[in-house]
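Q:
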Ligand code: PGA
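In our numbering, the protein residues as written are 10 to 256.
1. Rounded C-beta distance between residue 192 and residue 146? I'm assuming under 8 Å.
2. Identify, in the order they occur along the chain, each residue of the same chain with its Cβ nearer than 6 Å to the Cβ of residue 163, setting aside the five sequence neighbours on each side.
3. Might you give, ordered along the chain, the residues of its own chain that have their beta carbon closer than 7 Å to the beta carbon of residue 158, omitting 5 neighbours on each side?
4. Could you check if residue 21 belongs to the surroundings of the ligand PGA, using beta carbon to heavy atom distance under 8 Å?
5. If you compare alpha carbons, which of 252, 242, 254 is closest to residue 49?
6. At 3 residues or longer, and completely inside the stretch 167-237: list those beta strand (DSSP E) runs for me, N to C.
7. Taking the straight line between their C-alpha atoms, what separation do you get for residue 230 and residue 82?
8. Thinking C-alpha only, which one of 207, 107, 36 is nearest residue 135?
9. Can you tell me the Cα-Cα spacing of residue 247 and residue 238, whole angstroms?
10. Rounded to a whole number of angstroms, what is the C-alpha to C-alpha distance between residue 124 and residue 92?
11. Out of 74, 105, 245, 69, state which residue places its alpha-carbon closest to the alpha-carbon of residue 97.
12. Have a look at residue 222 and residue 127 and give me their C-alpha separation to the nearest angstrom.
13. In terms of DSSP beta bridges, what is residue 133 paired with?
14. What do you get for residue 78, buried or exposed, if any count of 16 or more other CB atoms within 10 angstroms of its CB means buried?
15. In terms of residues, what are the limits of the beta strand (DSSP E) holding residue 68?
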């Protein structure tokens, strides 16, 4: 990875007026940024984001259907996302796994649908606090990533992976740079066994990454960028993270 990748995950926040301000402020702040930057917005605002994003700001979705098309009320297909210029789709976010019962197999299929439509899936993996305390961190993230590798075969070098310890998401508790690096190194090794081009795959860290801690996390060998929730809703904070990733 040469250029880092910073992705905002707005989650279920925003409205037309506030989004417009945020999209303009973030876009305007990207002049001179030496990393890739994207925002994953709620589905109804994809068209707005696509139009308002300038200066290289890319857009993404927060989920994608595991189905191609048809009688799946409420679902949004990868092809529909593609129509709105979407470059990335988060898949398997822990909030989807937890509140919507998404399994490893579902996540693998969603990644496959995104890839088939030319969208880069950002595959989220991460352990809960109970799993970490039980010494299961490595086993959990390996199992989650293995499902995606198994289903996607040689396309695996086209994905992005986000390591997001569940206990660090929205809690203000960040993994230490060493804790994050340890898991990232493990994921990199797992990907290296599956593809000849593991270096093409950006490994993002997510979980309370903010303007103050981004630089030390991004300085780690195997941390290629960040997936940022709360701090992506404030242009100044998000742009500070972008600047930290631009060194
Ligand atoms: P957070 O969320 O930065 O608010 O912890 C990260 C995420 O859930 O992607």
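Here a beta-carbon is modelled for each residue, glycine too, at the ideal position from N, C-alpha and C. Predicted model, so just to flag it, every value in this text is computed and none were measured.
A: Let me lay it out:
1. 7 Å
2. none
3. 165, 203
4. no
5. 242
6. 169-172, 212-215, 234-237
7. 43 Å
8. 107
9. 10 Å
10. 14 Å
11. 69
12. 33 Å
13. 171
14. exposed
15. Per DSSP, the continuous beta strand (DSSP E) segment holding residue 68 begins and ends at 67-70.
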